Ligand code: HEC
Ligand code: HEC
Ligand code: HEC
Ligand code: HEC
Ligand code: HEC
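In my numbering, the protein residues as written are 52 to 508.
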């Protein structure tokens, strides 16, 4: 393995909490930021303003600043209503200490300044609580300790920053002059080589979580984890059991920080890595009335990341009989001990069933009164991890399948959202739970001619 590889020194802890306490996640139970694993060199606190001066970078990095301004990273803190409600509820229920775990990834200007001991309701409108993940959050991570997640990194408080952000015009002019004369020290402080060379490991620091006793007063649980299933897939070039490999391995930033033309200081051949971080979050740009970010996210999702094919039709009776109880196993390459062992119940199997497929080439001979089974194939094509990902405990993804007759009247509608799109989702809908990247899942349902399917996320 590459010698610079970040050691997966502490793998997913599965033993009991007491045993692990000796490892001391972060600074251990007595630490200022515990139960977050985050640490600051010199065990110091960092003044809030350090994380709040992204606009001091705007003078020279205007495009990146504007991209970042729209991004989910900017709206990660109490400027995000969903997050704010979660923390208020949590602090009311179990107090402020466990919520420091959340602060390690969501609220740097609050947590690292030592403000998270104050109930957030008292300070929620202060700028510290509205700052989100600014430039300095990511660009001051000096060491990612492992790929355990949980904000398992060291932050460094570079003095250089005080000059960049100074309001004193003379000092500022001097600073700017020095950077232009010799940008090397500026580069070394703000971009550590691992951010470019091991981007996925860098992202894993926040995009992988587990909950443990200090947070839930119960036991160890895996939360979301984009890193391990990326690593185990063909996309990373590191997974041995993938069906397919892309021509070139892809890191998180290859998809989530696409190149955008820019003349910003620091551009590489006229391009910067987009700091808009397109993903799947359409709620935040909608709430912010940020049309360009919303469009970018929708375009990202529709750019061939997933395909849905209404693939085959077969007589319902036959498939019911054959579908008895055979179980097929779908192996995944997800990290051992997690979904690796899960079995997926096959619906069909045993006897052969006459099917008509593929439907884009052959038309099924359907008659009024027929009951048929329709196979819909969902494939994840340009996703480097499970679909859906992220906080899957907090939202649903489902397939919508609508059947109309020759008079365009709806005769079947699975996945309908009641009350004209404002109510609950039809209970019979096919909810999608973890489609493996570069593999297929085949949800199926009964349907009729004139079918249309679309994604709802
Ligand atoms: C006075 C202008 C100026 C200001 C203010 C400034 N930068 Fe820069 N920055 C530059 C220049 C010039 C470069 C390009 C250096 C090069 O390519 O040699 C650069 C490069 C960078 C790089 C890329 C380093 C690399 O190796 O490619 C990062 C990251 C960065 N700056 C972050 C920041 C952050 C964060 C801030 C705000 C705290 C900031 N900069 C403020 C001028 C500035
Ligand atoms: C979520 C973390 C994150 C945040 C927040 C963030 N950056 Fe970056 N930035 C990165 C990463 C990662 C790279 C390197 C990407 C790569 O090379 O694959 C990068 C690269 C850069 C570069 C080098 C040019 C380039 O496009 O590669 C500059 C300059 C920069 N960032 C400035 C900023 C500024 C200014 C802000 C705030 C407005 C900011 N960053 C906020 C993660 C972040
Ligand atoms: C091959 C391209 C690709 C790579 C590589 C990739 N992603 Fe994604 N990612 C996507 C696409 C497309 C989506 C939107 C569909 C979805 O939600 O899965 C997405 C969604 C996400 C989401 C939002 C999840 C949700 O549904 O709310 C996060 C967070 C994310 N990715 C993080 C990462 C991280 C971290 C890595 C690296 C470990 C990574 N991605 C690697 C393509 C990629
Ligand atoms: C300091 C912690 C931190 C780091 C480092 C970090 N992220 Fe994030 N990221 C977050 C948080 C927190 C959110 C969710 C913000 C919100 O919506 O509340 C987020 C959101 C995102 C989203 C939007 C997800 C969606 O549903 O649309 C994407 C994409 C993403 N991050 C990708 C990355 C990538 C790629 C990297 C590495 C280059 C990275 N992040 C590094 C904390 C981090
Ligand atoms: C290890 C880092 C980490 C920790 C700890 C963490 N989160 Fe997150 N959180 C993230 C990332 C990354 C995302 C983005 C995932 C995505 O979009 O798919 C996120 C997304 C969210 C969202 C969805 C925001 C949106 O815009 O839709 C909420 C709400 C949230 N987290 C609340 C919390 C709460 C409450 C806690 C503590 C109990 C917590 N998080 C702890 C990293 C973390």
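We put the CB at the ideal spot given by N, CA and C, even for glycine.
Small disclaimer: the values here were computed from a predicted structure and weren't measured.
Use the C-beta contact count for residue 108: other C-beta atoms within 10 angstroms, 16 or more gives buried, fewer gives exposed. buried
Using the C-alpha atoms, what's the distance from residue 478 back to residue 426? 19 Å
Could you say which of 80, 308, 420, 102 lies nearest to residue 266 if we only look at CA atoms? 80
Taking 8 Å as the cut-off, decide whether the C-beta atoms of residue 164 and residue 99 are in contact. yes
Hey, would you say residue 245 sits closer than 8 Å to residue 253, going by beta carbons? yes
So residue 188 packs on residue 209, CB below 8 Å; how close in whole Å? Not quite, the Cβ-Cβ distance comes to about 13 Å (not below 8 Å), so this is no contact.
In terms of residues, what are the limits of the beta strand (DSSP E) holding residue 205? Here the beta strand (DSSP E) through residue 205 covers 204–206.
Could you tell me which residues DSSP pairs with residue 171 in its beta bridges? According to DSSP, residue 171 bridges with nothing at all.
Excluding the 5 residues flanking residue 327 on each side, which residues of the same chain have their C-beta closer than 7 Å to its C-beta? 118, 121, 122, 344, 347
Assigned secondary structure, residue 488 (DSSP; H/G/I helix, E/B strand, else coil): At residue 488, the pLDDT of 40 sits below 50, so the modelled position is not reliable; the number obtained from the coordinates is stated separately. Three-state result, residue 488: coil.
Can you check DSSP and say which residues form a bridge with residue 311? Answer by DSSP bridge pairing, in chain order: 323.
Anyone know if the C-beta pair for residue 298 and residue 286 falls short of 8 Å? no
N- and C-terminal bounds of the beta strand (DSSP E) containing residue 366: 357–366
Which partner residues of residue 125 appear in the DSSP bridge assignment? Partner(s): none; residue 125 has no beta bridge.
Rounded to the nearest angstrom, what separates residue 157 and residue 262 at their Cα positions? 15 Å
So is residue 152 buried or exposed if we call it buried at 16+ other beta carbons inside 10 Å? buried
Member of 182, 463, 436 whose CA lies at the smallest distance from the CA of residue 420: Considering only alpha carbons, the answer is 463.
So, does the stretch 121–136 touch the stretch 331–343, judging by three or more C-beta pairs under 8 Å? yes
Give the range of the alpha helix (DSSP H) segment to which residue 155 is assigned. 151–157
For ligand 4, I want to know if residue 103 counts as a neighbour, meaning its beta carbon is within less than 7 Å of at least one of the ligand's heavy atoms. No, the beta carbon of residue 103 sits no closer than 7 Å to any heavy atom of ligand 4.
Can you name the residues that DSSP bridges to residue 259? BP columns for residue 259 point to 276.
Compare the C-alpha of residue 243 against each of 303, 223, 366, 206 and name the closest. 206
Mind checking residue 411: buried by the 16 CB within 10 Å criterion, or exposed? exposed
What's the call for residue 219, buried or exposed, on a 16-neighbour Cβ count within 10 Å? By the neighbour-count rule (16 or more Cβ atoms within 10 Å), residue 219 is not buried but exposed.
Bridge partners - residue 90, DSSP secondary structure assignment: 205
Out of 439, 133, 417, 322, state which residue places its alpha-carbon closest to the alpha-carbon of residue 352. Looking from the CA of residue 352, the closest CA among 439, 133, 417, 322 belongs to 439.
Excluding the 5 residues preceding and the 5 following residue 288 in the sequence, name in chain order all residues of the same chain whose CB lies nearer than 6 Å to its CB. For residue 288, the CB contacts under 6 Å within the same chain, skipping 5 residues up- and downstream, are 300 in chain order.
From the DSSP output, which residues share a beta bridge with residue 468? 476
Any heavy atom of ligand 1 closer than 7 Å to the beta-carbon of residue 125? No, the beta carbon of residue 125 sits no closer than 7 Å to any heavy atom of ligand 1.
If you measure between the beta carbons of residue 321 and residue 112, is that distance less than 8 Å? no
Report, in whole angstroms, the separation of the C-beta atoms of residue 409 and residue 482, which I expect to be a contact under 8 Å. The pair is not a contact, with the Cβ atoms about 25 Å apart (cut-off 8 Å).
Residue from 270, 436, 364, 422 with nearest C-alpha to residue 414: Between residue 414 and the set 270, 436, 364, 422, the nearest pair of CA atoms involves 364.
Whole-Å CB distance - residue 87 paired with residue 154, under 8 Å assumed: Correct: roughly 6 Å between the Cβ atoms.
Reference residue 174; option with closest CA among 130, 145, 191: 130
Locate the alpha helix (DSSP H) running through residue 406, then write down its first and last residues. Residue 406 -> no alpha helix (DSSP H), and no H or E assigned at all.
So, with DSSP's three-state summary, where would you put residue 411? coil
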